[in-house]
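Below is one structure, written out as structure tokens, with a few remarks after it.
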Amino acid sequence: MTHPIEIKIAYIGGGSREWARKLLFDLALCPDVTGTVALYDIDL
2 MTHPIEIKIA YIGGGSREWA RKLLFDLALC PDVTGTVALY DIDL
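Here the sequence shown stands for residues 2 to 45, where the numbers follow this note's numbering.
Below, the structure is given as structure tokens:
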């Protein structure tokens, strides 16, 4: 049995809403990866 790889992804600006949605969707479907995603949006 393998253990999931824990990662932290931080991205600045976030790009388009569609891009972020696809990234999070793909990460959620990957059973080999666990961790956190942090967004720093300079427009907020």
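Ideal Cβ placement from N, Cα and C applies to all residues, glycine included.
Given residue i as reference, the closest of the options once Cα atoms are compared
{"i": "residue 10", "options": "43, 44, 34", "result": "34"}
{"i": "residue 4", "options": "20, 32, 27, 40", "result": "32"}
Cα-Cα separation, residue i to residue j
{"i": "residue 30", "j": "residue 44", "result": "29 Å"}
{"i": "residue 41", "j": "residue 23", "result": "18 Å"}
{"i": "residue 20", "j": "residue 38", "result": "14 Å"}
{"i": "residue 25", "j": "residue 6", "result": "16 Å"}
{"i": "residue 28", "j": "residue 17", "result": "17 Å"}
CB of residue i within 7 Å of CB of residue j, strictly
{"i": "residue 36", "j": "residue 13", "result": "no"}
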